[in-house]
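Student: Residue 186 in my numbering is what sits at position 186 of the sequence shown, and the numbering runs on without skipping anything.
For every residue, glycine included, the Cβ atom is placed at its ideal position computed from N, Cα and C.
The structure's right below; bear with me while I get my questions together.
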Amino acid sequence: MKINQSIRVFSLCATLATLLSFASAAASAQSIRATNALVLLDSTGSAQMERAITFIQAQGGRAPITFAPRALLAKLPERDVSNWVGQAGIAEIITTPADADRIELDYGDQAGLAARGWNGILQKARAPRQTLPPGNDLIDDALVAPDLPVRAPNGVSAPPTSDYTSMFMYGAVQVDVFLAESNGTIDANTENWTTPMRDNVVSEITTGLNWWVTAATQGGRPAANLTFNLTFHTPFNEPNVVATGYEPINRPRPLSTSMLWIGNIMTNLGYSATFAGVRQYANARRNATGRDWAYSIFVANSYNDADGLFTNGYSAYAYLNGPFMVMTYDNDGWGISRMDMVSTHETGHIFSALDEYAASKCTTTEKSGYLNIANTNCENGTPTEESIMRSGESMEIAYPSYLASTPVRGMIGWRDSDADGIYDVADTSVQMSATRTTTPGVGQPVSYAGTATDIPFPSPKYPAMSVNKITQVRYRVDYGAWSNATANDGAFNSYTESFKLTTAPLTRGTHTVEIRGLNSVGNYASFTQNILLDPWRSYLPLIKR
1 MKINQSIRVF
11 SLCATLATLL
21 SFASAAASAQ
31 SIRATNALVL
41 LDSTGSAQME
51 RAITFIQAQG
61 GRAPITFAPR
71 ALLAKLPERD
81 VSNWVGQAGI
91 AEIITTPADA
101 DRIELDYGDQ
111 AGLAARGWNG
121 ILQKARAPRQ
131 TLPPGNDLID
141 DALVAPDLPV
151 RAPNGVSAPP
161 TSDYTSMFMY
171 GAVQVDVFLA
181 ESNGTIDANT
191 ENWTTPMRDN
201 VVSEITTGLN
211 WWVTAATQGG
221 RPAANLTFNL
231 TFHTPFNEPN
241 VVATGYEPIN
251 RPRPLSTSML
261 WIGNIMTNLG
271 YSATFAGVRQ
281 YANARRNATG
291 RDWAYSIFVA
301 NSYNDADGLF
311 TNGYSAYAYL
321 NGPFMVMTYD
331 NDGWGISRMD
341 MVSTHETGHI
351 FSALDEYAAS
361 KCTTTEKSGY
371 LNIANTNCEN
381 GTPTEESIMR
391 SGESMEIAYP
401 SYLASTPVRG
411 MIGWRDSDAD
421 GIYDVADTSV
431 QMSATRTTTP
441 GVGQPVSYAG
451 TATDIPFPSP
461 KYPAMSVNKI
471 TQVRYRVDYG
481 AWSNATANDG
491 AFNSYTESFK
501 LTTAPLTRGT
511 HTVEIRGLNS
521 VGNYASFTQN
531 ILLDPWRSYL
541 PLIKR
């Protein structure tokens with residue numbers, strides 16, 4: 001077990017506030033005091049990661065970015081946390097630049113990438129951002145997925161089916177990032193990734209995704225229970241996966257009808273070289289990692305290219321509701337130093353947000369998202385809010401202040417229509433049924449069996465979906481202390497759960513049994529039954545004739 005002591009953690013200025021913000025703090029040889037840290041775990045496995053995250057949350061912190069299976073970026077409570085080391089599988093807490101080579105050797109390649117991304121974030125916090133050339137909008141960057149069914153709001157699709165891999169920005173998200181590497185078998189090889197370039201991409205995308213975690217709560221709004229697990233596939237850790245015969249930047253941008261080098265990567269992974277193959281991959285990754293949503297980011301190397309554009313004049317783009325987005329290393333005039341902003345913007349599209357800048361030809365009447373929200377902040381109308389989905393100039397203002405317009409927030413699911421502190425997409429209800437399975441008697445317990453199901457918040461456009469789970473069923477007798485029921489499958493962690501329970505022995509008289517099923521956000525349904533144990537029937541003397 002090791003503790004990496006912080007000497008000083010640099011505060012970020014407002015223009016770089018989208019980075020993981022650090023509070024300046026001195027640390028003695030016995031303490032760790034910082035706002036954010038790279039946390040490393042002593043073993044692998046999803047259960048270990050969940051144990052560490054649960055521990056951090058219980059201590060008043062959070063872990064919005066993870067690099068499974070052994071690294072996470074955590075926001076720490078403002079107190080000494082050195083005693084965390086050795087608890088919940090936490091092996092190291094690092095608040096200063098990390099030895100990425102050692103971490104990769106000790107903890108694996110994804111942890112090594114987490115360390116490199118962490119170091120890049122620290123370095124970027126101290127570096128000035130280049131000026132964005134005027135008029136640089138991300139043109140034609142929101143594409144319509146050809147495979148996304150739009151059905152009347154009938155029936156329930158919760159949890160989301162394989163068709164719906166990124167419908168609203170709430171819950172846990174798996175993100176697979178691919179750095180495509182040409183091998184010269186089809187096109188001439190003109191671009192080659194270097195480790196510093198890889199590290200830039202890791203830190204930029206990490207920062208860009210963390211932006212949304214912070215943006216959720218701006219203005220005192222609710223959190224979105226949002227976490228991103230990043231998995232990077234690069235020429236240095238998975239060369240066979242990212243290999244392609246094409247030189248991506250010297251081709252037109254891949255589309256659903258012509259997947260080119262993205263198709264090569266899908267074939268390398270064992271999927272069809274089609275748009276449907278990418279959707280199937282996203283769904284498989286969601287299921288394999290236990291997340292609520294999943295999408296892929298494909299990055300084309302454009303370091304040697306003159307303009308950072310594909311041959312048809314485009315750079316970054318995404319399909320609305322996934323399953324993927326694409327960026328070049330330079331993204332036209334945005335440059336690598338703004339890949340964080342670009343990845344933030346494109347991730348908005350992944351979760352239904354429309355463009356608001358005038359050149360996108362947006363209108364104030366078009367609607368998008370699970371909640372079907374109108375694009376009323378479109379610049380072709382009368383926009384009133386600076387926003388990450390507007391023009392480049394507005395993005396420059398919105399990004400350091402974590403600003404997404406009210407319509408954009410609604411499109412991605414961040415609307416709280418009843419002001420109860422829970423976004424509508426997560427403000428689901430619970431349906432519960434219970435049946436008594438034993439005959440009650442004086443001095444005897446009574447048993448029940450039942451089912452609790454999470455009922456989604458309805459969508460006016462899509463089948464109803466929920467990422468909430470039934471997390472607990474509990475019961476009490478005569479308004480006493482609550483006790484926990486037992487899940488038939490061993491744990492309350494699914495959309496629907498069957499349960500059973502047995503009370504303590506009941507005395508004679510009238511008793512009230514109350515059973516309550518709760519979901520992830522604490523909403524619940526109750527079942528109540530009164531039981532009369534007749535004292536006369538139980539205690540009249542036996543008269544023999």
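Pull up the distance between the alpha-carbon of residue 373 and that of residue 367, whole angstroms please.
Tutor: Residue 373 and residue 367 have their C-alpha atoms roughly 5 Å apart.
Student: Got a sec? Which residues, its chain only, sit under 6 Å from residue 551 by beta carbon, not counting five neighbours each side?
Tutor: Residue coverage of the chain in this structure runs from 1 to 545, which leaves residue 551 outside it and unanswerable.
Student: Report, in whole angstroms, the separation of the C-beta atoms of residue 185 and residue 245, which I expect to be a contact under 8 Å.
Tutor: 4 Å
Student: For a test of the three-state rule: what should DSSP assign to residue 321, helix, strand or coil?
Tutor: coil
Student: Measure the alpha-carbon distance for residue 319 versus residue 505 and round it to whole angstroms.
Tutor: Straight-line Cα distance between these residues: approximately 59 Å.
Student: Only counting the same chain, and skipping five residues up and downstream in sequence, which positions put a Cβ closer than 8 Å to that of residue 90?
Tutor: 39, 40, 41, 42, 52, 55, 84
Student: Would you decide whether residue 546 is buried or exposed? Buried here means 16 or more other CB atoms lie within 10 Å of its CB.
Tutor: Because the chain spans 1 through 545 in this model, residue 546 falls outside it and cannot be assessed.
Student: How is residue 402 classed by DSSP in three states: helix, strand or coil?
Tutor: Residue 402 sits in coil when the DSSP states are folded into three classes, being neither helix nor strand.
Student: Run through DSSP, which three-state label would residue 348 get?
Tutor: helix
Student: With the cut-off set at 7 Å, would you say residue 120 and residue 256 are in Cβ contact?
Tutor: no
Student: Just verifying my parser: in three-state terms, what is the DSSP assignment at residue 85?
Tutor: In the structure shown, residue 85 falls within a coil segment according to DSSP collapsed to helix, strand and coil.
Student: At a cut of 8 Å, does the segment 459 to 474 reach the segment 490 to 505 through at least three beta carbon pairs?
Tutor: Flag = yes, the segment 459 to 474 and the segment 490 to 505 touch.
Student: Using CA atoms only, rank isn't needed, just tell me which of 336, 330, 379 is closest to residue 354.
Tutor: 379
Student: So the beta strand (DSSP E) residue 532 belongs to, where does it begin and stop?
Tutor: 524 to 533
Student: Would you call the CB atoms of residue 314 and residue 251 closer than 7 Å?
Tutor: With respect to residue 251, residue 314 sits apart: the two C-beta atoms are not nearer than 7 Å.
Student: Thinking C-alpha only, which one of 317, 428, 76, 290 is nearest residue 46?
Tutor: 290
Student: Does the beta-carbon distance from residue 197 to residue 351 come in below 7 Å?
Tutor: no
Student: Report yes if the CB atom of residue 433 is closer than 7 Å to the CB atom of residue 502, and no otherwise.
Tutor: No, the Cβ-Cβ distance between residue 433 and residue 502 is not below 7 Å.
Student: Pull up the distance between the alpha-carbon of residue 529 and that of residue 456, whole angstroms please.
Tutor: 27 Å
Student: On the three-pair Cβ rule with 8 Å, is the segment 297 to 306 touching the segment 325 to 343?
Tutor: By the Cβ criterion, the segment 297 to 306 is in contact with the segment 325 to 343, since at least three pairs of Cβ atoms, one from each stretch, lie closer than 8 Å.
Student: Let me make sure I understand the geometry here. Which of 375, 201, 364, 427 has the alpha-carbon closest to that of residue 411?
Tutor: 375
Student: Could you give the residue range of the alpha helix (DSSP H) that holds residue 76?
Tutor: Element bounds for residue 76: n/a, residue is neither H nor E.
Student: Less than 7 Å between CB atoms is the rule here; does residue 83 satisfy it with respect to chain B?
Tutor: Within the model displayed, chain B is absent; a lone protein chain is all it includes.
Student: Which residue's Cα is closest to the Cα of residue 478: 101, 510, 234, 189?
Tutor: 510
Student: For residue 384, I'd like the list of residues in its chain whose CB is within less than 7 Å of its CB, leaving aside the five on either flank, ordered along the chain.
Tutor: 377
Student: Nearest by alpha-carbon distance to residue 402: which of 391, 415, 386 is it?
Tutor: 386
Student: Express the C-alpha separation of residue 413 and residue 335 in angstroms, rounding to a whole number.
Tutor: 30 Å
Student: Give me the residue from 92, 88, 59, 404 with the minimum Cα distance to residue 77.
Tutor: 59
Student: Which word fits residue 360, buried or exposed, when buried means at least 16 other C-beta atoms lie within 10 angstroms of its C-beta?
Tutor: buried
Student: Counting C-beta neighbours from all protein chains within 10 Å, is the total for residue 515 16 or more, i.e. buried, or is it exposed?
Tutor: buried
Student: When you compare only the Cα positions, how much space is there between residue 64 and residue 513?
Tutor: 40 Å
Student: Quick one: is residue 62 buried, meaning 16 or more other Cβ sit within 10 Å of its Cβ, or exposed?
Tutor: buried
Student: Measure the alpha-carbon distance for residue 232 versus residue 179 and round it to whole angstroms.
Tutor: 8 Å
Student: Is the beta carbon of residue 349 sitting closer than 7 Å to the one on residue 172?
Tutor: no
Student: Please name the residue in 268, 491, 69, 531 whose C-alpha comes closest to that of residue 440.
Tutor: The shortest Cα separation from residue 440 among 268, 491, 69, 531 belongs to 531.
Student: What does a CB cutoff of less than 7 Å around residue 28 pick up in its chain, not counting 5 residues either side in sequence?
Tutor: Low confidence applies here, because residue 28 scores a pLDDT of 34, under 50, leaving its location unreliable; read the following figure in that light. None.
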